[in-house]
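Inspection log for the structure reproduced underneath, given as structure tokens.
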Amino acid sequence: MWRQFLYKRVKERSSLRINEKKCLRNRYKFSDCDKCIKVCPYGALSLVNGKVEMEEDRCRSCGQCVHTCPTEALYFEAEMMDKYDNRISQKEAVTFACTIQSSNDEEDVTFPCLKSLSPEHLMISALYEKKCEVYCDYKQCKNCEAAWEPEEGLKWLAEWNEHTESPKVPLVTNKEEKSGANRTYNRRELFKMTSQQTKSQIGDLILDSYKEVIDLKEKIAPTQKRQYTIAYLKKHQELLKMNMANSKTLSDKLNLTGINVKGDCNICQTCSSLCPAGALKVVEKDSLKALEFEAGRCVNCDICEKACPSIQKHPVNQLSDLLNKTTLKTMLLNECPKCGSSKHTEEALCEECQRRKDKRGSLLSDW
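Pasting the structure below:
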């Protein structure tokens with residue numbers, strides 16, 4: 001029994017898993033999300049009958065799709081943020097590099113490709129108060145099958161360095177200038193660390209951190225990336241007033257968006273019911289009905305815009321938006337004269353009573 005269990009866990013840890021109920025394509029049939037398909041360098045992911053499917057014989061477990069999925073519907077254990085957290089915490093100084101250009105996995109914190117590096121990884125380093133750098137030899141990238149342009153792909157790093165008060169993150173192009181190194185330990189610390197690492201590795205093997213959403217009605221929890229972003233902003237509040245209008249590539253890398261509604265919005269709840277992450281919510285209190293938006297939960301999908309013409313996305317103005325709720329629309333309520341439930345003050349009847357009245361009218365008109 002143990003042999004079968006361990007074999008299953010080893011296979012799971014080395015395999016890409018797709019949580020279909022987290023995938024935006026399954027959440028809303030008109031969603032255009034295809035980020036994972038576009039980023040896969042091996043053509044292992046494709047759309048079949050409107051759903052994302054994987055060809056296992058093509059997949060090389062590079063994990064690039066995991067880093068680009070806005071809802072973490074794609075899961076590969078070694079590429080999850082908490083695993084990078086563990087690697088970063090063990091370094092005295094951190095060098096981020098790709099697996100091909102890295103001289104030693106023990107020395108560097110490596111990615112399948114540096115296109116997977118995101119501001120959240122720098123945030124983890126800052127939360128641990130680690131100095132970090134990015135190593136990238138542009139010449140090697142030009143001959144890589146990943147077909148990535150680092151000059152364009154790492155533009156956000158300059159914007160990060162311009163605005164953050166944390167130590168700047170240099171971009172190193174010469175291997176001899178790398179400064180990343182493992183932590184130094186005395187014998188007692190080394191023994192304790194080895195013991196803890198062994199327990200952690202055993203725990204990782206036995207305990208599966210993969211959590212499957214089992215119901216499409218269940219709202220998707222904030223991703224690991226977003227949780228690190230929120231934690232970082234709470235500690236580094238100098239960034240809260242950062243003008244994101246001048247930092248588009250950084251904003252895109254953080255997957256940020258704001259939302260407005262047009263004046264014709266009647267808070268019908270279509271957007272809030274379809275929102276996969278619970279970023280849009282309708283709240284009723286006393287004689288008031290309100291549509292609220294929580295940018296910190298938003299995954300910047302296209303579902304609300306496609307479902308309702310009153311919804312308009314716009315760039316986030318400041319990072320402080322991620323920590324606050326915004327009231328997009330309010331309506332006064334009073335009592336429906338027919339059934340006694342709440343209705344908009346501008347309407348004669350509540351939605352249900354009006355629907356029944358219209359249906360009755362259409363039936364009578366056929367006589």
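According to full-length UniProt numbering, the sequence shown is numbered sequentially starting from 1.
We treat Cβ as the ideally placed atom computed from N, Cα and C, and that holds for glycine.
With at least 16 other beta carbons inside 10 angstroms of its own, Ala295 counts as buried.
Straight across, the Cα-Cα distance linking Ala93 with Val316 is about 32 Å. For Lys281, the enclosing beta strand (DSSP E) starts and ends at 280-285. Under the three-state reduction of DSSP output, Ile88 falls in the helix class. Shortest Cα-Cα distance from Asp82 to any of Cys336, Asn49, Thr110, Ile124 involves Ile124.
CA-to-CA, the gap between Glu53 and Leu45 works out to about 6 Å. Spanning the alpha carbons of Lys115 and Leu24 requires a straight line of approximately 22 Å. Counting along the chain, no alpha helix (DSSP H) covers Ala146, and no H or E run does either. Selection Pro119, Thr223, Leu323, Asp286 evaluated against Ser342 yields Asp286 as nearest (Cα-Cα).
Leu349 sits close to Lys338, with the two beta carbons spaced by under 8 Å. Looking at the DSSP output, Ile311 sits in a beta bridge with Val261.
Leu322 and Ile230 have their C-alpha atoms roughly 7 Å apart.
Residue nearest to His67 within the set Pro119, Leu363, Glu238 is Pro119 (criterion: CA-CA distance). The beta carbons of Ser166 and Leu240 sit no closer together than 8 Å. With at least 16 other beta carbons inside 10 angstroms of its own, Pro150 counts as buried. For Lys155, the closest C-alpha among the options Gln90, Ser251, Lys306, His344 is that of Ser251. Out of Cys265, Gly43, Asp264, Ala277, the CA that lies nearest to the CA of Glu145 is found in Gly43. Annotation note: the region 126-171 contains the following uninterrupted beta strand (DSSP E) runs of length 3 or greater, listed N- to C-terminal: 131-135. Here Pro70 is buried. Its C-beta has 16 or more other C-beta atoms within 10 Å.
The Cβ-Cβ distance between Leu280 and Lys21 does not fall below 8 Å.
Taking the CA atoms as reference points, Cys336 sits about 31 Å from Gln312. Residue nearest to Ala73 within the set Pro222, Glu177, Ile100, Glu305 is Pro222 (criterion: CA-CA distance). In the DSSP assignment, Val316 falls outside any beta strand (DSSP E) and carries neither an H nor an E. Note on geometry: alpha-carbon atoms of Val283 and Arg356 lie some 25 Å from one another.
Leu291 sits away from Ser273, with the two beta carbons spaced by 8 Å or more. The alpha helix (DSSP H) runs of length 4 or more contained entirely in the region 33-115 are, from start to end of the chain, 35-39, 64-68, 81-89.
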